[in-house]
Amino acid sequence: MATILYSNYSSYYSMIARLCLAEKAVTYDLHDVDIHIKMEQFAPEYAAMQANMTVPVLDCDGNIITDSRLILYFVNQHFGGVDLFPAADAEAIDKSLELHYAFSIEDLTMGNALRKSPIARIALGRGLARASRRCLLMMNAHPELKDAYTKKLVLEEERKRLILSEENNYAQMQQRAVGLCDMLEAQLAQHQYAASAQYSLADVVWTIFLARLVMIKFDYLLAERKNLSDYWLRMSSRKSYAAANICTKIPPSKLIRIIFALLFRA
Ligand SMILES: N[C@@H](CCC(=O)N[C@@H](CS)C(=O)NCC(=O)O)C(=O)O
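For what it's worth, this note's numbering labels the leading residue of the sequence shown as 2, then goes sequentially.
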């Protein structure tokens with residue numbers, strides 16, 4: 002099978018796809034999509050493939066899967082190795098995935114960044130404005146993709162409201178992140194893994210969730226929960242974790258380049 006993953010190193014949902022592929026020991030080509038500096042997700046060829054203009058995208062012999070949750074199911078079903086979605090635990094795994102995907106990690110991550118530094122606040126504001134401008138530019142240059150760029154523009158405006166405006170949802174996201182940690186702690190008191198007694202797709206997503214909490218310095222949420230901190234140690238020591246190149250810290254030189262682009266690029 003010719004398998005290509007369009008991914009970005011620090012992108013949360015790309016990491017979910019990479020970790021799942023690593024768990025199933027799938028060999029694939031990794032295409033890095035620069036979503037921050039060059040904003041390659043807005044390129045017409047990419048928008049034609051993924052109308053929401055997000056990463057990850059999995060191309061498996063021309064079969065295009067454009068959402069991380071669908072990638073999880075697809076990879077599990079179409080590649081060999083351990084079954085990460087066994088029928089006996091399917092209900093519990095789906096319930097766990099549902100809880101995970103109902104949470105907006107982006108709102109938590111960006112809301113946190115802009116509260117930590119006034120430069121980050123300005124950069125995020127400019128970055129979101131830059132994305133809206135790019136949508137307008139592209140919809141004029143590529144009328145055949147007008148619907149996709151129009152939809153993306155609406156999403157960019159919604160992001161501004163949820164993250165930057167007075168009515169931002171940060172307090173609510175913080176509270177929900179704590180709730181998710183409590184839920185995981187209780188689950189892990191019952192079985193070794195997030196949804197059942199075996200490693201499953203649920204562990205793929207919750208590993209990435211915990212990696213993000215570490216990245217935004219919310220690791221105290223792990224440290225104060227015994228089962229969860231043990232679980233994090235186990236998950237982050239798996240072979241797949243290293244193979245998937247999971248990001249818990251953006252290298253400072255890269256971060257500076259991103260902030261610079263957000264602040265100054267047209
Ligand atoms: N529901 C999608 C969400 C994907 C998503 O939001 N990806 C982010 C990176 S983590 C992205 O591509 N952001 C760039 C953008 O929205 O322009 C999935 O699960 O794959």
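Just so it is clear, CB atoms sit at the ideal spot from N, CA and C, and this is done for glycine as well.
Beta-carbon proximity of residue i to residue j, cut-off 7 Å
i: Tyr194; j: Asp204; result: yes
i: Leu85; j: Leu202; result: yes
i: Ala196; j: Ile94; result: yes
i: Ile120; j: Ala262; result: no
i: Met111; j: Ile164; result: yes
i: Ala130; j: Leu264; result: no
i: Ser11; j: Cys248; result: yes
i: Pro45; j: His192; result: no
i: Ser133; j: Glu157; result: yes
Collapsed DSSP secondary structure at residue i in the structure displayed
i: Leu165; result: helix
i: Asn170; result: coil
i: Leu85; result: coil
i: Thr4; result: strand
Close beta carbons around residue i, own chain, < 7 Å, minus the five adjacent residues each side
i: Lys147; result: Met140
i: Gln42; result: Val34, Ile36, Met54, Thr55 and Val56
i: Ala23; result: Ser241, Ala244 and Ala245
i: Val206; result: Ile17, Leu98 and His101
i: Asp62; result: Met2 and Ala3
i: Glu145; result: none
i: Arg70; result: Leu98 and Tyr102
i: Phe104; result: Arg177 and Leu181
i: Ser238; result: none
i: Ile65; result: Met50 and Val58
i: Arg162; result: Glu168
i: Arg258; result: Ile38
Cβ-based neighbour list, residue i, same chain, cut-off 6 Å, excluding 5 preceding and 5 following
i: Thr67; result: Gln51 and Val58
i: Asn1; result: Given that the chain is displayed from residue 2 to residue 267, the structure contains no residue 1 and the question cannot be resolved.
i: Phe80; result: Lys25 and Val27
i: Leu189; result: Asn228 and Tyr232
i: Lys150; result: It is Tyr, not Lys, that sits at residue 150 in the sequence shown. Excluding residues within five positions, the ones whose Cβ falls inside 6 Å are Cys136, Met139 and Met140.
i: Asp30; result: Ile5
i: Ala48; result: Met54, Leu146 and Ala149
i: Gly82; result: Lys25 and Ala26
i: Phe75; result: Ile66
i: Ala198; result: His192
i: Leu256; result: none
i: Arg127; result: Leu263 and Leu264
i: Val179; result: none
i: Asp60; result: Ile5
Residues of its chain near residue i, where Cβ-Cβ distance is below 8 Å and the 5 sequence neighbours each way are ignored
i: Leu223; result: Cys182, Leu211, Leu214, Val215, Leu229, Ser230 and Trp233
i: Asn77; result: Cys21, Lys25, Asp84, Leu85, Phe86 and Leu202
i: Ile106; result: Tyr13, Phe210 and Arg213
i: Arg40; result: Here residue 40 turns out to be Met, not Arg, going by the sequence shown. If we look at Met40 and ignore the five residues flanking it on each side, its Cβ neighbours are Arg131, Ala132 and Arg135.
i: Lys96; result: Ala196
Top-ranked residue by Cα proximity to residue i, from the options
i: Phe219; options: Ala198, Gln199, Ala196 and Lys250; result: Lys250
i: Asp108; options: Ala142, Ile209, Arg177 and Pro252; result: Arg177
i: Gln175; options: Glu157, Tyr221, Leu154 and Ala187; result: Tyr221
i: Asn170; options: Ser254, Ile65, Arg226 and Arg116; result: Arg116
i: Ser118; options: Ala267, Ile260 and Lys153; result: Ile260
i: Arg226; options: Ala198, Ala187, Leu256 and Thr208; result: Ala187
i: Asp90; options: Tyr200, Gly126 and Val155; result: Tyr200
i: Ser15; options: Leu256, Val155, Lys152 and Thr208; result: Thr208
Review point. Could you give the uninterrupted runs of the alpha helix (DSSP H) lying entirely in the region 8-62, keeping only those of 4 residues or more?
Key: 13-24 and 45-50
Review point. Which ranges would you report for the alpha helix (DSSP H) in the region 201-264 if only whole runs of at least 4 residues count?
Key: 202-216, 221-224, 227-237 and 240-244
Practice item. Pick out the complete alpha helix (DSSP H) segments inside the region 97-182, 4 residues or longer, and give them in chain order. Key: 106-117, 119-142 and 147-160
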